[in-house]
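A.B. asks: Once you've had a glance at the structure underneath, I'll fire off some questions.
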Amino acid sequence: MYRFKYQKAASVAEAASLLDGAEDGVYLAGGMTLIPTLKARLASPTDVIDLGAIDGMADISVGDTVRIGALARHAEVAASAAVRGAIPALADLAGLIGDAHVRNRGTLGGSVANSDPAADYPAAVLALNAVVHTDRRTIAADDFFKGLFETALEPGEIVKSLAFQIPRRAGYAKFPNPASRYAIVGVMVADFGAEVRVGVTGAGACAFRSAELERALAGGLAAEALADVTIPYDGFNSDIHASAEYRGHLVAVMAQRAVAAAIG
Amino acid sequence: MEVTLTVNGTAHALDVPDNMLLVEVLRERLRLTGTHVGCDTSQCGACVVHMDGRAVKSCTVLAGQADGADVTTIEGIGAPDDLHPMQAAFRECHALQCGFCTPGMIMAAIDLVNTSEQLDEQAVREGLEGNLCRCTGYHNIVRAVLAARDAM
Numbered sequence: 001m002y003r004f005k006y007q008k009a010a011s012v013a014e015a016a017s018l019l020d021g022a023e024d025g026v027y028l029a030g031g032m033t034l035i036p037t038l039k040a041r042l043a044s045p046t047d048v049i050d051l052g053a054i055d056g057m058a059d060i061s062v063g064d065t066v067r068i069g070a071l072a073r074h075a076e077v078a079a080s081a082a083v084r085g086a087i088p089a090l091a092d093l094a095g096l097i098g099d100a101h102v103r104n105r106g107t108l109g110g111s112v113a114n115s116d117p118a119a120d121y122p123a124a125v126l127a128l129n130a131v132v133h134t135d136r137r138t139i140a141a142d143d144f145f146k147g148l149f150e151t152a153l154e155p156g157e158i159v160k161s162l163a164f165q166i167p168r169r170a171g172y173a174k175f176p177n178p179a180s181r182y183a184i185v186g187v188m189v190a191d192f193g194a195e196v197r198v199g200v201t202g203a204g205a206c207a208f209r210s211a212e213l214e215r216a217l218a219g220g221l222a223a224e225a226l227a228d229v230t231i232p233y234d235g236f237n238s239d240i241h242a243s244a245e246y247r248g249h250l251v252a253v254m255a256q257r258a259v260a261a262a263i264g
Numbered sequence: 001m002e003v004t005l006t007v008n009g010t011a012h013a014l015d016v017p018d019n020m021l022l023v024e025v026l027r028e029r030l031r032l033t034g035t036h037v038g039c040d041t042s043q044c045g046a047c048v049v050h051m052d053g054r055a056v057k058s059c060t061v062l063a064g065q066a067d068g069a070d071v072t073t074i075e076g077i078g079a080p081d082d083l084h085p086m087q088a089a090f091r092e093c094h095a096l097q098c099g100f101c102t103p104g105m106i107m108a109a110i111d112l113v114n115t116s117e118q119l120d121e122q123a124v125r126e127g128l129e130g131n132l133c134r135c136t137g138y139h140n141i142v143r144a145v146l147a148a149r150d151a152m
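Protein sequence lines correspond, in order, to chains A and B. So for the first sequence, our numbering puts the first residue at 1; every next one is plus one. So for the second sequence, our numbering puts the first residue at 1; every next one is plus one.
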């Protein structure tokens, strides 16, 4: 690791002020992506500002929406009876991220702010039409993910919590890379009655909604409705793990499995 | 940077570089070399310790993040003549060959048993996804964890 100055913020305002005063600062949440990135010398910030000690940013509450603090760890979301009661598929998704030790450190806010193309949570943010609450404003799910590791967040903006809409039913299915457990493709299907939303991760530069799948499921959740769907894979990720064409195929298969999981 | 942390029941106040990792604090400052560095890329799990009771990869935690934490390493769970039930089960079931992954496996397995309501073979295999072993083929490790589950 290159040298940097480490500081722990006690509040969101203090974190923002520390970043403002840094030459090239970066926020640290759970660190499950940032610390390996620093160790590989792929980033060289002058200042690392740890958000981990900020009080009240890991709360989980269920009302009209499922509201989860940005510092809630994946293991906490996976084990939350409140989340499981309202949106079982969201608790399931959290329990599939990485491995147990990663889930004990990694956070919801860190995951969505990073917009890793293979992260799990972005599929849920889109399918569950979440609202991202920051220290400056609210951002709708459809406006949040902009590209590879790119979001609508402005420099220095901090994610405080996410509010997920509660669907009638939802399901998540993931084809994990067997080594890293990242999603080669992950699909969340959420049935809101009047609308079915489908969030896809792993396939493109960032998570996206699939118009083809949403159209096919508009008449209701049924695995048969997806039998003839083909997913255009132009522009999909292609690497040693999976070609773009294979990822396109996996999107349809994971969607069928997600529907099956949602139907129960 | 000053950090204070409790390791295996003993409080320490240490002056460390801002970019020091928890595993470096444990191995290089406190000479607790039972915690291993395997891949150093957050994948293999050889460096797993307990931080405030939960299994974490100590190669992916900054010393500053561990400030104020209660850390338990493989040295803190048993003694040669008084093994932890998980250590005893690993010995009994022949759950190690070269032994490199064993400290991380044992710390991960203890957290798994402590936090699982129902732990069957499949759950053990899934629970140890973050720990790689290149010798045993995992079968005896799974047997050991299931044996320790009943003993703990």
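Heads up, the beta-carbon is just placed ideally off N, CA and C, and yes, glycines get one too.
1) Kindly list, in the order they appear in chain B, the residues whose Cβ is closer than 9 Å to that of GLY31 of chain A.
2) Determine whether the Cβ of ILE158 of chain A lies closer than 8 Å to any Cβ atom of chain B.
3) Quick one: which chain A residues come within Cβ less than 8 Å of LEU32 of chain B?
4) Tell me whether ARG54 of chain B sits in a helix, a strand or coil according to DSSP, three-state version.
5) Cβ of MET57 of chain A less than 8 Å from any chain B Cβ?
6) Any beta carbon from chain A within less than 8 Å of GLU129 of chain B's own beta carbon?
7) By the DSSP assignment, the beta strand (DSSP E) with ASP142 of chain A in it spans what residues?
8) Any contact between the stretch 14 to 31 of chain A and the stretch 22 to 34 of chain B? By contact I mean 3 or more CB pairs, one from each, below 8 Å.
9) Report the option in A:ARG67, A:VAL62, A:LEU71 and A:SER11 whose CA atom is closest to the CA atom of MET32 of chain A.
10) Going by Cα to Cα distance, which pick from B:ALA89, B:CYS93 and B:GLU24 is closest to ASP40 of chain B?
11) Express the C-alpha separation of LEU51 of chain A and ARG197 of chain A in angstroms, rounding to a whole number.
12) Starting from the C-beta of ASP111 of chain B, find all residues in its chain whose C-beta is less than 7 Å away, skip the five residues before and the five after it, and write them out in chain order.
13) Kindly say whether PRO45 of chain A, judged by its beta-carbon, lies nearer than 8 Å to any beta-carbon of chain B.
14) Report the rounded CA-to-CA distance for LYS8 of chain A versus TYR233 of chain A, giving the unit in angstroms.
15) Of the residues A:ALA262, A:SER115, A:VAL253 and A:HIS241, which one's Cα is nearest the Cα of ALA207 of chain A?
16) Assuming ALA94 of chain A contacts VAL77 of chain A (C-beta within less than 8 Å), just tell me the rounded distance between them.
17) How would you call GLN256 of chain A, buried or exposed, if buried means at least 16 neighbouring beta carbons within 10 angstroms?
18) Here's the rule: buried if 16 or more other CB atoms are within 10 angstroms of the residue's CB, otherwise exposed. What is HIS139 of chain B?
19) Could you give the DSSP three-state label for GLY104 of chain B: helix, strand or coil?
20) Determine, for VAL102 of chain A, whether the minimum Cβ-Cβ distance to residues of chain B falls below 8 Å.
21) ALA95 of chain B touches chain A at which residues, Cβ-Cβ below 8 Å?
22) For my contact list, PRO117 of chain A and ALA258 of chain A are in at a C-beta cut-off of 8 Å; report their separation, rounded to the angstrom.
23) From the DSSP output, which residues share a beta bridge with ASP191 of chain A?
24) ASP99 of chain A touches chain B at which residues, Cβ-Cβ below 7 Å?
25) If contact means a Cβ-Cβ distance below 7 Å, which residues of the stretch 1 to 35 of chain B contact chain A?
26) Where does the unbroken beta strand (DSSP E) through ALA148 of chain B begin, and where does it stop?
27) State yes or no: is the beta carbon of ASP70 of chain B nearer than 8 Å to at least one beta carbon in chain A?
28) Is the beta carbon of THR107 of chain A within less than 7 Å of some heavy atom of the ligand SAH?
29) Tell me, which residues are paired with GLU150 of chain A by DSSP?
30) Just to check my reading of the structure: ALA346 of chain A and HIS133 of chain A have Cβ atoms closer than 8 Å, yes? What is that Cβ distance to the nearest angstrom?
31) Relative to the C-alpha of VAL200 of chain A, which residue among A:ALA127, A:ALA29 and A:ALA260 is closest?
32) Mind the definition here: the stretch 150 to 163 of chain A touches the stretch 228 to 245 of chain A only if three or more C-beta pairs lie below 8 Å; say whether that holds.
33) Taking only the alpha-carbon atoms, compute the straight-line gap between ASP135 of chain A and HIS249 of chain A and give it to the nearest angstrom.
34) State the Cα-Cα distance for the pair GLU224 of chain A and ALA216 of chain A, rounded to the nearest angstrom.
35) Spell out a yes or no on whether the stretch 126 to 140 of chain B and the stretch 82 to 101 of chain B are touching, meaning 3 or more CB-CB pairs, one atom from each, closer than 8 Å.
36) Can you give me the Cβ contacts of GLY69 of chain A inside the same chain, cut-off strictly under 6 Å, excluding the 5 residues immediately before and after it?
C.D. replies: From the atom records:
1) Those are THR60, VAL61, LEU62 and GLN65, listed as they occur along chain B.
2) no
3) Correct list: empty, because the minimum Cβ distance to chain A is about 18 Å.
4) strand
5) no
6) yes
7) Segment 141 to 144 is the alpha helix (DSSP H) holding ASP142 of chain A; no beta strand (DSSP E) there.
8) no
9) Here the closest residue by C-alpha is A:LEU71.
10) B:GLU24
11) CA-CA distance, ARG197 of chain A to LEU51 of chain A, rounds to 32 Å.
12) HIS50, ARG54 and ALA55
13) no
14) 43 Å
15) A:SER115
16) 4 Å
17) buried
18) exposed
19) helix
20) yes
21) Going along chain A, no residue has its Cβ under 8 Å from ALA95 of chain B, so there is no contact; the nearest lies around 18 Å.
22) Here PRO117 of chain A is actually not in contact with ALA258 of chain A; their C-beta atoms are around 18 Å apart, not less than 8 Å.
23) A:ARG169 and A:VAL196
24) From the beta-carbon of ASP99 of chain A, the residues of chain B found nearer than 7 Å are GLU129 and GLY130.
25) MET1, ASP18 and ASN19
26) It is not in any beta strand (DSSP E) - ALA148 of chain B instead sits in the alpha helix (DSSP H) that spans 139 to 151.
27) no
28) The ligand SAH is absent from the structure shown, which contains no ligands of any kind.
29) A:GLY147
30) Any property of residue 346 of chain A remains undetermined from this structure, which presents chain A solely from 1 to 264.
31) A:ALA127
32) no
33) 39 Å
34) 10 Å
35) yes
36) The residues are MET57, ALA58, ASP59 and SER161.
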